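Sequential numbering from 1 applies to the sequence shown in the UniProt record's numbering.
Remarks on the structure that follows.
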Amino acid sequence: MNTLFGKIKEEAKQISPKSVEEYPEAPISLGTTLINFTGDWRTFMPVIDESKCVKCYICWKFCPEPAIYIKPDGMVAIDYDYCKGCGICANECPTKAIAMVREEK
């Protein structure tokens, strides 16, 4: 191993854990997403035009955060406490019922 990358790779092998038992326990904190709101740094926010919504739930399926939920009447809604404003829901909506609007704070 005469390359720099090869040397670094060999050094990493020497210090890395050899078995699963050697890895440290990962801290797991259940329920933190319910108390740590993550949507406060959003620049654009999705706004739903319910008159255009056909209840296909594609926005709900593609939302990378659980920020879109289905109301008891079958319509979708946005939980802005968790929505990061990525725009995937608006991009995937086949009827263009979701528009991305600049966030006003």
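Positions of the beta carbon are idealized from the N, C-alpha and C atoms, including for glycine.
Just so you know, these numbers come straight off a predicted model, no measurement behind them.
From the options, residue whose alpha carbon lies closest to that of residue i
i	options	result
residue 37	92, 79 and 86	79
residue 51	72, 70 and 96	96
residue 74	54, 104 and 44	54
Extent of the continuous beta strand (DSSP E) to which residue i belongs
i	result
residue 99	98 to 102
residue 44	44 to 48
residue 77	76 to 78
residue 82	Here residue 82 belongs to no beta strand (DSSP E), and DSSP marks it neither H nor E.
Residues near residue i by beta carbon distance below 8 Å, same chain, minus five either side
i	result
residue 31	Interpretation of residue 31 is limited by its pLDDT of 49, a score under 50 that renders its predicted location unreliable; the figure taken from the coordinates is listed afterwards. Once the five neighbours on either side are set aside, residue 31 has no close Cβ partner at all.
residue 87	44, 46 and 100
Buried/exposed call for residue i, threshold 16 Cβ in 10 Å
i	result
residue 76	buried
residue 85	buried
residue 48	buried
residue 101	exposed
Test: residue i CB closer than 8 Å to a CB of chain C
i	result
residue 44	Given the protein chain composition of this structure (a single chain), no chain C is represented.
Proximal residues to residue i (C-beta, below 7 Å), its chain only, five neighbours per side dropped
i	result
residue 89	46, 59, 62, 63, 68 and 98
residue 93	58 and 59
residue 81	37 and 39
Cβ-based neighbour list, residue i, same chain, cut-off 6 Å, excluding 5 preceding and 5 following
i	result
residue 83	39 and 67
residue 42	84, 85 and 103
Delimiting residues of the alpha helix (DSSP H) encompassing residue i
i	result
residue 60	58 to 62
residue 89	88 to 92
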